[in-house]
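Numbering (this note's numbering), first residue to last: 60 to 328. Let me begin by presenting the structure, written as structure tokens, before commenting on it.
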């Protein structure tokens, strides 16, 4: 066996009756800290017909991955202590009602989306960014943030990436807002009205919450990956990279749409 060959363990950690999968992160981090040989990791929040869950991926040598697999019952035991919690949201997503209520841990196959992220080299850069994003969220204890703190963090991150990259002012945030506009409508909000009220809403948010984290380093890394890989990746590559970090912070797509509106330039009409 090639000692340099690496494999991945991909697990879904379900939250049971609740949708607060961020509450499971301390359990995942405690379990991960005891593992030998994990040289890369990242997580996402997700839901499917089985339920709300964290998607956790860890990379290491094949024999280490086998050991991690055998230790999954302990992860399941740790996660059950924190399952069943419900998130407080600024905007409720009606689609969450489609999710099931499964508890426990399941194992899946990790198939990197090479075409989406610009081939093997683009995937390598993206996985490094995913790890930095995941670790930043863990270090800043995003599971303890209030809804307004999560929103403020997303606003700051979108704005920082836009400033550090070659986007025209407001163009990136506008694309993000457009991407989720239909989801916002489905949730009962008019995107045009949100856009026109964004200066007032932004003032209210900043009066009630302070930025809970500094994303400067992560924004620089994100802009570097975009500059290096956007030409060879899928057209939605910039939006996907930013969405992944905002997902880890804990916003749903409707709240991401709101964050994009709030960091955009003030409308002139």
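Glycine residues also receive a C-beta, built at the ideal position from the N, C-alpha and C atoms. Here the structure is a predicted model, which is why all the values come from computation and not from measurement.
| Check | Outcome |
| --- | --- |
| Residue 280 versus residue 188: straight-line alpha-carbon distance, rounded | 7 angstroms |
| Bridge partner(s) assigned by DSSP for residue 106 | 111 |
| Chain-order list of residues whose beta-carbon lies under 7 angstroms from that of residue 127 (same chain, five-residue window excluded) | 68, 94 and 117 |
| Residue 237 (DSSP reduced to helix, strand or coil) | helix |
| Residue range of the alpha helix (DSSP H) that includes residue 193 | 178-198 |
| Min CB distance residue 276 to chain B below 8 angstroms | Going by chain labels, chain B is absent from the structure shown, which holds only one protein chain. |
| Local conformation of residue 327 per DSSP, three classes | Caution applies to residue 327, whose pLDDT of 45 falls short of 50 and renders its modelled position unreliable; the value that the coordinates give is listed next. Residue state, collapsed to three classes: coil. |
| Residue range of the unbroken beta strand (DSSP E) whose run includes residue 69 | 66-74 |
| Any 3 or more C-beta pairs closer than 8 angstroms across the region 81-100 and the region 153-164 | no |
| Inside the region 93-165 only - beta strand (DSSP E) runs reaching at least 3 residues | 99-106 and 111-119 |
| The region 139-150 / the region 70-81 touching (three or more Cβ pairs under 8 angstroms) | yes |
| Residue 132 to residue 66 span [Cα, whole Å] | 20 angstroms |
| Start and end residues, alpha helix (DSSP H) containing residue 216 | 206-223 |
| Proximity to residue 181 [Cα-Cα], best of 204, 263 and 289 | 289 |
| Where the alpha helix (DSSP H) through residue 282 begins and ends | 275-288 |
| Rounded distance between the beta-carbons of residue 313 and residue 239, thought under 8 angstroms | 7 angstroms |
| Best match in 105, 272, 123 and 106 for proximity to residue 194 [C-alpha to C-alpha] | 272 |
| Segment limits, alpha helix (DSSP H) that includes residue 264 | 250-267 |
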